[in-house]
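Here the sequence shown is numbered in the numbering used here, starting from 6 and rising by one per residue. Quick notes on the structure that follows.
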Amino acid sequence: MEEQDLMTEEAIHCAGCGIEIQTDDQAKPGYTPRSALDRDTVICQRCYRIKHYNEVAPVSMDDDDFLRILNGIGAADTLVVMVVDLFDFQGSWLRGLPRFVGKNPILLVGNKVDLLPKNINLNRVRNWIQHEAKERGLKPEDVVLVSAAKGIGIDELLARIGQLRKGKDVHIVGVTNVGKSTLINRILHDYGAADMEITTSPFPGTTLDKIEIPLEDGRLLYDTPGIINRDQIGHMVTAQDLRKLSPTARINPKVYQLNDQQTLFLAGLARIDFVRGERQSFTVYIANNLYIHRTKLDQADEIFAKHHGELLAPPTGESAKQLPAFTKHTVKIEAKGPTDIVISGLGWVTLQGKLPAVVDIHVPKGVAIGVRKALI
């Protein structure tokens, strides 16, 4: 009993995810063997397994925990740095953020710029993000494009944080899998304190509580847990399949000239039916290794029934049966310029918008579909 009281009084937090360390119950978050407490840097067993074995355990935080953290940010005098995934802008948008941050300034960071095609105009991307943010009720102080994985744009990001925070703390926020912890690790590695490296993984929900990182002027930078956006397709597949649909290299767009009554299967994760319109191009932006299958619309149901989980994969094998049933979303494209049809967590398909079209999108129930002005 005395030993437990001592642990409570002298609480140790995991340097990887921020959870309070405990040595009593291996099945609960924060567990680490008592023998590991003597190390200079203590991490929980979950972070150890992510770091060394690429294994992940379920997260115990619920929506109330996330709301508590967000409400705490609104009550603080801080600079809010919101990280979004450029490849999954809609799926990584933190809805309702203005409601939580109050009058605190917001710096918007577009991560994974290295995944966008080479010929893209980055100034246009910045302007596009500003426009999309405004459409969602957010007016950021600035937009910075970075690649946490490649170290691109980090100097500019740090300079803008320094200019905008004006002696305040900094809170970095975002949904799961946008690369927040990778970004902070890049900052720590390039600018000192590398021994504080935060646990990163391609799985949702790695950071379990706020991690405090001291700044030079005595203020703090907080890494917060990734908030779960449940309409992303990544939350509906296995960890193995999530690796396959998450891009790790620059996207090579694939262009298909389609007549109406033709279908594109995006692996076994989505189906695009060109229902009505003149012949036109469909440009697909998804992870390069995902298989795309073109067929006739009147054969699509039969092909899906016969080949889902095999030819049409991921999801693979038995995991295909665990995917929610597909639902249909009808999109009418008007001749108003290039338009993206976005599938949350998977990618998007661009139509040039020179000709009207009617397109049916079939995705697992719960996955969000969006239509936007084309990013590229």
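Built from N, CA and C at the ideal position, the CB exists for glycine as well. As the structure is a computational prediction, the values presented were derived from the model and not from experiment.
Per the C-alpha coordinates, the member of ALA16, ASP160, ILE17 and GLY23 positioned closest to PRO230 is GLY23.
By the C-beta density criterion, VAL364 is buried, having at least 16 other C-beta atoms within 10 angstroms. The shortest C-alpha to C-alpha distance from GLN285 to any of ALA32, ILE277 and PRO361 is the one to PRO361.
The shortest C-alpha to C-alpha distance from ILE291 to any of LEU271, TRP133 and ASP278 is the one to LEU271.
Take THR37, set aside five residues on each side of it, and the residues of its chain with a beta-carbon closer than 6 Å to its own are ILE26, CYS49 and GLN50, in chain order.
The Cβ atoms of VAL86 and VAL106 do not sit closer than 8 Å to each other. Residues THR46, VAL47, ILE48 and MET201 of the same chain have their beta carbon placed closer than 7 Å to that of ALA20, with the five preceding and five following residues left out of the count. The shortest CA-to-CA distance from ILE277 to any of LYS215, ASP306, GLU15 and LYS56 is the one to ASP306.
Counting along the chain, no alpha helix (DSSP H) covers SER286; the unbroken beta strand (DSSP E) around it starts and ends at 285–290. Following the DSSP letters along the chain, one finds GLU217 inside the beta strand (DSSP E) bounded by residues 216–219. DSSP places GLY167 in the uninterrupted alpha helix (DSSP H) bounded by 159–170. Counting along the chain, the unbroken alpha helix (DSSP H) around ARG248 starts and ends at 244–250. In the DSSP assignment, the residues bridged to LEU317 are HIS313.
Cβ-Cβ separation between HIS334 and GLY273: approximately 18 Å, too far for a contact (criterion under 8 Å). Residue burial annotation: THR83 is buried, with at least 16 other C-beta atoms found within 10 angstroms of its C-beta. PRO145 sits in coil when the DSSP states are folded into three classes, being neither helix nor strand. Here the alpha carbons of THR332 and ARG44 stand approximately 51 Å from one another.
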